[in-house]
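Novice: Each residue of the sequence shown is one higher than the one before, starting from 1 at the first, in the UniProt record's numbering.
I have a structure I would like to understand better, so I am pasting it below and will then ask my questions one at a time.
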Amino acid sequence: MHADEADIDEELVRRLVAGQFPAWADLPIEAVASSGTDNAMYRLGTDLAVRLPRIPGAATDVAAEQKWVPLLAPHLPVVVPMPVACGGPALGYPYPWTVCRWLPGTNPAVDDLAAPEQLAADLASFITALRRVAPDCAPSGGRGVPLAMRDKPTRTAIAALDGLVDTAAVTAVWQDALRIPAWSDPPAWAHADLSPGNLLVRDGRLTAVIDWSIAGVGDPTVDLIVAWNLLPASARLTFREALDVDDDTWRRGRGWALSISLIQLPYYEHTNPALAANSRHVIAEVLADTA
């Protein structure tokens, strides 16, 4: 998926684990199918998972995840992947990597939600709890910034999508989002990547939120993206009311969802079918929402 991606396979993971954590050397290792782009995931035995950065940018997030996920966990209504150990570069693999607890559940499917209203309420409860965590000394979130800072890459992506999407329509929605006043409340925590691939559900309920690599404090509006990348239109009102979101914040969240998907689609169109499909879904949902 990336020009600078590390070469990772099951054999490498087996050798890394055996060399640095010999107590786990005999546990079975299995690649985990995922739409994730920055990290590779392997299940280790029944209770553990190995998470390895694919690219340099993801490698810099390992230390932050190991520090902050355990501190955030007690404040959240769902479980998060608690780190168990941290491995280091070896055998030609250049990055630090993490062993964390394996969490049961499945990724929710956009078109097959068992209880969308309940899931909307669960997501709102998670976001509310996360925002209540004191931001003291927390890292700045890479997506906790004004939408205007994404204008250039978003417009570049729109140009690249000429013929694939209604570029005039998405440009109009994007320009409208840029006119919305910036976040003016105090900085707050955001997960910043609430996509279907980073959520786990069981029996229709949200049970876990994974991949905290870009979490941080700033404008937390980005966490509203889940309203368009996962929830059906029928459940968005439940989500919005539970969060008590005003018009400007809701429209700003929709702008975030659109920008992320516009940038993702041309980049992953041929390398990550699941992510490209979800990007198309978001673009269609946003345009329908603003028609």
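Glycine included, each C-beta is placed from N, C-alpha and C at the ideal position.
#1: So if DSSP puts residue 295 in a beta bridge, which residue, or which two residues, is it bridged to?
#2: Helix, strand or coil, according to DSSP, for W102 in the structure here?
#3: Suppose contacts are defined by Cβ-Cβ distances below 8 Å. Is E65 in contact with A235 by that definition?
#4: Can you check whether the CB of L206 is closer than 8 Å to the CB of D122?
#5: Could you tell me which uninterrupted alpha helix (DSSP H) segments, each at least 4 residues in length, are contained entirely in the segment 80-160, listed from first to last along the chain?
#6: Do you know how far the Cα of A129 is from the Cα of L44?
#7: Check the Cβ-Cβ distances between V245 and every residue of chain C, and say whether any is below 8 Å.
#8: Measuring straight from C-alpha to C-alpha, what distance separates R131 and A58?
#9: Would you say L71 and V80 are within 8 Å of each other, going by their C-beta atoms?
#10: Go ahead and pull the three-state DSSP assignment for I236.
#11: If contact is defined by three or more beta carbon pairs under 8 Å, each pair taking one atom from either stretch, is the segment 16-24 in contact with the segment 42-56?
#12: Note down, in chain order, each residue of its chain lying with its Cβ closer than 7 Å to the Cβ of T171, except the 5 sequence neighbours on either side.
#13: Got a sec, what are the start and stop residues for the beta strand (DSSP E) R51 sits in?
#14: Buried or exposed: where does L237 fall if 16 or more other Cβ atoms within 10 Å of its Cβ makes it buried?
#15: Please classify S140 as buried or exposed, where buried requires at least 16 neighbouring CB atoms within 10 angstroms.
#16: Measuring straight from C-alpha to C-alpha, what distance separates G144 and D26?
#17: Between the C-alpha atoms of H191 and W212, what's the straight-line distance to the nearest angstrom?
#18: Just checking, does the segment 161-168 make contact with the segment 211-225 on the three C-beta pairs under 8 Å criterion?
#19: Quick one: grab the DSSP three-state call for A192.
#20: Name, in chain order, the residues that DSSP records as bridge partners for D162.
#21: Tell me the DSSP bridge mates of R205?
#22: From the DSSP output, read off the bridge partner residues of G253.
#23: Between the C-alpha atoms of T290 and A177, what's the straight-line distance to the nearest angstrom?
#24: At the level of alpha carbons, what is the spacing between V173 and L258?
#25: For S184, count neighbouring Cβ atoms within 10 angstroms of its own Cβ and tell me buried if that reaches 16, exposed if not.
#26: Pick helix, strand or coil for G216, following the three-state DSSP scheme.
#27: What does the alpha-carbon distance come out to for the pair R251 and P104?
#28: Hey, how far is the Cα of I180 from the Cα of L52?
#29: In whole angstroms, what separates the C-alpha of I210 from that of T271?
Specialist: In short:
#1: Any question about residue 295 goes unanswered here, given that the chain covers just 1 to 291.
#2: coil
#3: no
#4: yes
#5: 116-132, 151-160
#6: 30 Å
#7: Included in the structure is just one protein chain, with no chain C present.
#8: 24 Å
#9: no
#10: Reading off the sequence, residue 236 comes out as Arg, not Ile. R236 falls in the helix class under three-state DSSP.
#11: yes
#12: I158
#13: 48-53
#14: exposed
#15: exposed
#16: 42 Å
#17: 6 Å
#18: no
#19: coil
#20: V165
#21: R202
#22: The partner list for G253 (beta bridge, DSSP) is empty, contrary to what the question assumes.
#23: 11 Å
#24: 8 Å
#25: exposed
#26: strand
#27: 34 Å
#28: 38 Å
#29: 22 Å
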